[in-house]
Structures are given as structure tokens and as C-alpha cells.
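Inspection log for the structure reproduced underneath, given as C-alpha cells.
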Amino acid sequence: MSGVSPSVASSSLAGVGGGRRALADRQTVLVLSLVSILGALVLWQITSTLVYRSILFPSFIKTAGALVATAREGLLLRDISATLSRVLIGFLVGSVGGVTLGLLMGSVPLVRTFFDPYLNFFRFVTPIAWIAPATIWFGVGETSRLFLVVYATIFIILVNTMAGVTRIHRDRVRMARAFGARSWQVFVYITLPATLPFILTGMRIGMGNSFMTVIGAEMLAGNNGLGYLIYSSRIYFKSDVMFATILILGILGFFADRVFDVAQRRFFWRYRAGH
Amino acid sequence: MSAPYISFRDVCFTYNERAAEVLSNLNLELKRGEFFLLLGPSGCGKTTVLNLLAGFEQPTVGQIAVGGTPVTGPGPDRIVIFQGDDSLLGWLSTMENVEFGLMLAGMGRRERRARADRALKMVGLAGQDGKHPHELSGGMKQRVQIARALVCDADILLMDEPFAAVDAQTRAILQDELARIWMETQRTVLFITHDIAEAIILGDRIGVMRAGPRSGVKEIIANDLPRPRSRGDVAFANMYARIERAVSEEVQLTVQRETR
């Protein structure tokens, strides 16, 4: 599993340098992104109306129409908020659990050795595999879905946190010790801040994982949410609603990631800068 | 001669039973307020001596004492200045890094800041207090480490090749400034290096270590050249030649052992 590097997926760092040149860079990025997105939409429209006309492949305009129609019915908002709240709750629980266990396993070698086999077993069992057992144990309700989202987020956050703790340079701990730091002071003033970039990277990947998993969970065990919407559109052959929902899903994920990135830059910049 | 302030008595050290001893029956005494240089070929166990005195490692045999009290672990009376810059905390500003030890000791913010301010001025970093370590050059980072050590009342500074990674010009400047700061503050310093010129510029006494393993102090050379010392004069050159003779035998031994 990659993603233990704290500088993962920071392509948007390109425009960080100061002055006029950075401004020009930022404009270039904006223009290119817009061209890319609009180009794809135009291509979609053309292919679906001129090349491959089928009810199985609705055009962009038809999809957008379905989007508006579903939104008017009021169902879309309900499903979006259902999915988002599952992602949020599962992600938060998974983060708290992953960070706590990661700090513990990173700090205490005996605990790390003891739990390592489990960690390396479960992180290779995809969340989807647990849908069936989860529905047997917890029923087809909310508990099942949350269980799956927590499962999907916890391991990557745990692994990153643990990697962060074990990679703290020995001199940092020695320095604090030489200044008379007690164990809890080493933890609070060295371990936690030094691990924070790793934790944030893990959380960012974990959030992506929770978006992926929630849809599967809602498809197979649920009666609302975007996953349910996609799955039920299949039954009624509403391919345009299906595509509209996928579109929304991507957009939600994109913005959730942006929010996370902006928040960590604003509140945690001093922990990311050169570590 | 006064009673020794720091003493190593028959100190042996191994990392584990199977490995050869790094240090074997090492005896060393440092006087209070002196600038002691420990010089030797790489891998001879210089850093181990420093780590033992810092309390990061425990001797396998023998005892180390400061002011008559045995060393059992790290303590705020012995501040370490590390070779690399990893010990600087990237999330803290220069000022906050310098204040770190005082913060741990529970000193109030205002007094902390005043002390850190003075220390930063002393090491020539006035006006850099808001910057973060990654914004500073290698030489400036080592100045921050020195300031961080100076703000504390620690009597002993342990310096592990602190200037090894900075360029030659900066190193010379830092050596001169350290000599000046030492004269102003009169701490007891144990300074590790493999650079003979550095040893002569800084040290009151220069201990030459034997090639490892089973290393110890081979010879102690008193260096009473008047301070401030200059690198160019005849007395410096004579001292250099004398120390080089002592060191080069050990370096040759090391090379022979490594290439055998």
C-alpha cells in the first residue's frame, strides 16, 4: 500500500511560489482545467448523440435533465445527505480509531508486534467482502453501512499514523529527553506534531476509501443514499438517473477532498512545511 | 588542579554481547569550565563517548559521573548539540525552537522570550526569530541549536561534530563565534570532531582516540595557544603537525582494518 508519504497528491502545490509568475501559473492551471472539463462534456455529448446512440448511454444533456428532475422531486437531496452523513460519521469514527491505534502501535513495539499480523491480514480484505457478514450480524440497517465505512477508513489511517510514529528521527526524542522531557511530554511535544502530516495524509486517503465503500454498502444493504439511487435506477432502467448520480458522486468527492486540503493548509501548515 | 568535574572510570561499552567492544577501559576527566576536544578517526567511538555522557546509552562496565553524581540517563544539566538538523522541530519557529527547553521546564512565556531573544542575538540570529527551520541555511540551523543550548542554565554542552555538514567558510566563522561565546559564558564543553584545525581553534585540551574497536583515549594534548586563535600562525602549524602525527597512526590503523 502506498501513501505513507505525507506529500502525496499535492499536485496543486504548483502555484505556491510568489509573484507574477505564480499568478500566471495559476491562470494557466485554471484555463487548462476548464478546457479539460468542457472538452470531456462536449465529447460525451457528441459520442452519445452521433456515434453511439442508445438508451444505455444517455447524453450529457439528458443526464443533466435527469439531475434537475430528480432534484425537483426532492429525493436527490435526501440521498446526498444520507450518503454524506454516512461518509462523515464513518470517516470520523475510523479516523479516531485509526489514529489512536496507530499511535499506540507506533509507540509500543510489543503492541505493534502483537497486532501486526491482523493489520496485514485485514487491510487486504476489501470492505465489499464484509457486506454479506455485516448484514448477517447487524441487519440491513445503518449499523451495517457504518461498519463498512469505518472498516474502509481505519486501516490506511492506522498504517500511516504508525509509519509516522516509527519514522520520528531519534535525535528529536533524544533532544527532548536531554532537556528533561518526561514520556508524556515527548508524546505531546514531539510524537504528535511529528506524526500529524502522516495522519492527515492517511485521513485524506481514508476519506476517498469511505466514498468508495459507502456506495457498495448502500447498493446491497439499504433503502436510501446515492448507492441505492444508482442501483434502483437500474431496476427501472433509468440510465440517465444512474449517470446523473455518478456525476454527483464524483463532484461530491472532488469537493470533499478540496475542503480537506484547504483546511489542512490553513490549520496545519506549520506541521507540513518541511516537517 | 581541581577535582575532576566529569569523570569516565574504566568505561567499556558494547551494543550487544556478540559484538566487539566499542570502548574498552576508557578513562577521561574533564575540568569544570574547560573546552575539551575529542578527536579521532571515523568509527572510533567518539560519538559513543558523547552519548554515554548525555545518558542516551549506558556503559556496559564502569562509571560516568558529573560533579560526583553517577550519570543514569539524560538530564537538563547536559545539553546536546547534534550533528544534523533533525533535532530542530519543523513546526516551531526559530524562537519557539530556542524556547523549547525552557517551555519543558515550565518557565513563563515572557521570561522565556526574553532569554531566547538574548541567545538569538548572541549567535547572530537577531531578526530571524519568526522563520521556520526549513527556511534557514545549514549554518543558521546549527546556530539555532547553539542558541537553544545557551538559553538553558545547563553547565555542560555536548557537541557532536556540529559543523561537519556546513561549508568550509561558514564552518570557520561558526568556530570563531563558538570560541567567543564560550569565553563569554564559560560552560564545560565536550566537542567531538575529526577536524584537527577545528580542534586547535576550539580546544583547551585535545584528546586523541585510538582506532576502534576497543577504543579509548590514546593521548591528551594541552593546547595553550592564546585566544582568539588564528589559523595562520607558526604556533598553530606546530600544534597541527603534532596532533596530526598522533591522529594519522590511528587513521592508518583504521584504513588497514577496513581494507583487510
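Taken in sequence, the protein lines are chains A and B.
Each residue of the first sequence is one higher than the last, beginning at 19 in the working numbering.
Each residue of the second sequence is one higher than the last, beginning at -1 in the working numbering.
For every residue, glycine included, the Cβ atom is placed at its ideal position computed from N, Cα and C.
This one's a predicted model, so the numbers in the text were calculated from it and none came from an experiment.
CB-CB length for residue i against residue j, believed under 8 Å
| i | j | result |
| --- | --- | --- |
| G115(A) | V168(A) | 7 Å |
| I77(B) | A152(B) | 4 Å |
| E19(B) | F11(B) | 7 Å |
| G38(B) | K44(B) | 5 Å |
| A100(A) | G243(A) | 4 Å |
| A63(B) | L156(B) | In fact, because the Cβ distance is near 15 Å, the residues do not count as touching under 8 Å. |
| T213(A) | G182(A) | 4 Å |
| F109(A) | T171(A) | 5 Å |
| R208(B) | E248(B) | 6 Å |
| G234(A) | G245(A) | 7 Å |
| Q184(B) | G31(B) | 5 Å |
C-alpha gap between residue i and residue j, whole angstroms
| i | j | result |
| --- | --- | --- |
| V60(A) | M237(A) | 30 Å |
| L290(A) | H130(B) | Note that residue 290(A) is Arg in the sequence shown, not Leu. One C-alpha to the other measures close to 11 Å. |
| A147(A) | G226(A) | 18 Å |
| D222(B) | E27(B) | 18 Å |
| P160(B) | L176(A) | 36 Å |
| E133(B) | E97(B) | 18 Å |
| L172(B) | I174(A) | 45 Å |
| G240(A) | N178(A) | 31 Å |
| S29(A) | A235(B) | Low local confidence applies: a pLDDT of 39 at S29(A) is under 50, so the model's placement there is unreliable, and no value is given. |
| F216(A) | V142(B) | 26 Å |
| R71(A) | S54(A) | 23 Å |
| R195(A) | F142(A) | 38 Å |
| R169(B) | V245(B) | 21 Å |
| I179(B) | F189(B) | 14 Å |
| R229(B) | A195(B) | 8 Å |
| D83(B) | L270(A) | 42 Å |
| M181(B) | V187(B) | 11 Å |
| L56(A) | L102(B) | 56 Å |
| R185(A) | S125(A) | 11 Å |
| M180(A) | G92(A) | 44 Å |
| I4(B) | Q56(B) | 16 Å |
| S91(B) | G128(B) | 5 Å |
| P226(B) | A147(B) | 22 Å |
| A89(A) | L95(A) | 7 Å |
| L35(B) | Q254(B) | 25 Å |
| G112(A) | A262(A) | 29 Å |
| T191(B) | V69(B) | 23 Å |
| P72(B) | M237(B) | 35 Å |
| V86(A) | I266(A) | 12 Å |
| V47(B) | I79(B) | 14 Å |
Residue(s) in a DSSP beta bridge with residue i
| i | result |
| --- | --- |
| T186(B) | I154(B) |
| V215(B) | M207(B) |
| T191(B) | L37(B) |
| V9(B) | L24(B) |
| A181(A) | Note: A181(A) sits in no beta bridge, so no partner. |
| I3(A) | Past the boundaries of the shown model lies residue 3(A); chain A is included only from 19 to 293, so the question cannot be answered. |
| I4(B) | L28(B) and V64(B) |
| A220(B) | R203(B) |
Cβ-based burial, residue i [other Cβ within 10 Å; buried from 16]
| i | result |
| --- | --- |
| S135(B) | exposed |
| Q81(B) | buried |
| V9(B) | buried |
| N49(B) | buried |
| A32(A) | Here A32(A) scores only 40 on pLDDT, less than 50, and its place in the model should not be relied on; the value that follows carries that caveat. By the 10 Å Cβ count, A32(A) comes out exposed. |
| G214(B) | buried |
| I198(B) | buried |
| L232(B) | Checking the sequence, you will find Val at residue 232(B) rather than Leu. That one is exposed. |
| K256(A) | buried |
| D258(A) | buried |
| W202(A) | exposed |
| Q140(B) | buried |
| G88(B) | buried |
| S51(A) | exposed |
| P24(A) | Any reading at P24(A) needs caution, since the residue's pLDDT is 47, under 50, leaving its predicted position unreliable; the model's value is listed next. P24(A) should be labelled buried. |
| E256(B) | exposed |
| L166(A) | buried |
| Y136(A) | exposed |
| A42(A) | exposed |
| R222(A) | buried |
| F229(A) | buried |
| I144(B) | buried |
**Message:** Please give the ranges of any beta strand (DSSP E) in the stretch 45 to 113 of chain B, keeping only runs that are unbroken, at least 3 residues long and fully inside the region.
**Reply:** 59 to 64 and 76 to 79
**Prompt:** What are the start and end residues of each continuous beta strand (DSSP E) run of 3 or more residues lying completely inside the stretch 112 to 183 of chain B, in chain order?
**Reply:** 154 to 158
**Prompt:** If you scan the stretch 195 to 249 of chain A from start to end, which runs of the alpha helix (DSSP H) of 4 or more residues do you find wholly inside it?
**Reply:** 201 to 204 and 210 to 238
**Request:** Go through the stretch 41 to 92 of chain A residue by residue and report every complete run of the alpha helix (DSSP H) that reaches 4 residues or more, in order.
**Result:** 78 to 91
**Message:** What ranges does the alpha helix (DSSP H) occupy inside the stretch 123 to 189 of chain A, keeping only unbroken runs of at least 4 residues that lie completely in it?
**Reply:** 127 to 140, 149 to 156 and 160 to 184
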